[in-house]
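The sequence shown begins at 0 in numbering that gives the first Met the number 0 and counts up by one. Virtual Cβ for every residue (Gly too), placed ideally from N, Cα, C. Just so it is clear, the structure is predicted and the values come from calculations on it, not from any experiment. Report on the following structure.
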Amino acid sequence: MSNTESLMEFPCDFPIKAIGEAGFAFDAVVVEIVNRHAQTVGEGAVTTRESRGGRYLAVTVTVRAQSREQLDAIYQDLTADPRVTMAL
0 MSNTESLMEF
10 PCDFPIKAIG
20 EAGFAFDAVV
30 VEIVNRHAQT
40 VGEGAVTTRE
50 SRGGRYLAVT
60 VTVRAQSREQ
70 LDAIYQDLTA
80 DPRVTMAL
């Protein structure tokens with residue numbers, strides 16, 4: 000398998016998780032970043048989970064990914080945002 004080949008078949012549903020500090024509209028920030036590159040996020044596509052101590056918020060957005068390049072662009076924008084501590 001070459002570096003350009005992918006094990007994923009597109010289009011596919013793909014969960015994108017971002018973690019950041021709780022206490023502001025972090026979920027809205029993540030959805031806005033994802034929406035730059037993907038179709039508008041549908042109802043039920045966003046889930047959130049607060050850390051045990053309540054300091055961090057994990058936001059998972061499931062998108063209908065069209066290509067590897069689309070996913071790469073989403074992750075680049077997420078990691079470039081200073082409010083995002085980690086993107087998985």
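Going by DSSP, name the residue or residues bridged to residue i.
| i | result |
| --- | --- |
| Pro14 | Thr61 |
Suppose the cutoff is 7 Å on Cβ atoms and the five residues either side in sequence are ignored; what does the same chain contact list for residue i look like?
| i | result |
| --- | --- |
| Ser1 | Reliability fails at Ser1, whose pLDDT of 49 lies under 50, so the model's placement of it is uncertain and the value that follows must be treated cautiously. Same-chain partners within the cutoff: there are none. |
| Val33 | Ile15, Val40, Val60, Val62, Ile73 |
| Cys11 | Ala64 |
| Leu70 | Phe13, Ala64 |
Would a C-beta distance cut-off of 8 Å place residue i and residue j closer than the cut-off?
| i | j | result |
| --- | --- | --- |
| Arg51 | Asp76 | no |
| Tyr55 | Ala24 | no |
| Gly19 | Thr78 | no |
| Val45 | Val30 | yes |
Take residue i and list the residues in its own chain whose beta-carbon comes closer than 6 Å to its own, dropping the five residues that flank it on each side.
| i | result |
| --- | --- |
| Gly43 | none |
| Leu6 | none |
| Ser66 | Phe9 |
| Arg82 | Gly19, Val28 |
Throw me the rounded Cβ distance for the residue i and residue j pair, which I believe falls under 8 Å.
| i | j | result |
| --- | --- | --- |
| Phe9 | Ala64 | 6 Å |
| Ala57 | Thr47 | 7 Å |
**Report entry** Length-filtered (4 minimum) alpha helix (DSSP H) runs lying within the segment 16-87
**Finding:** 25-34, 67-79
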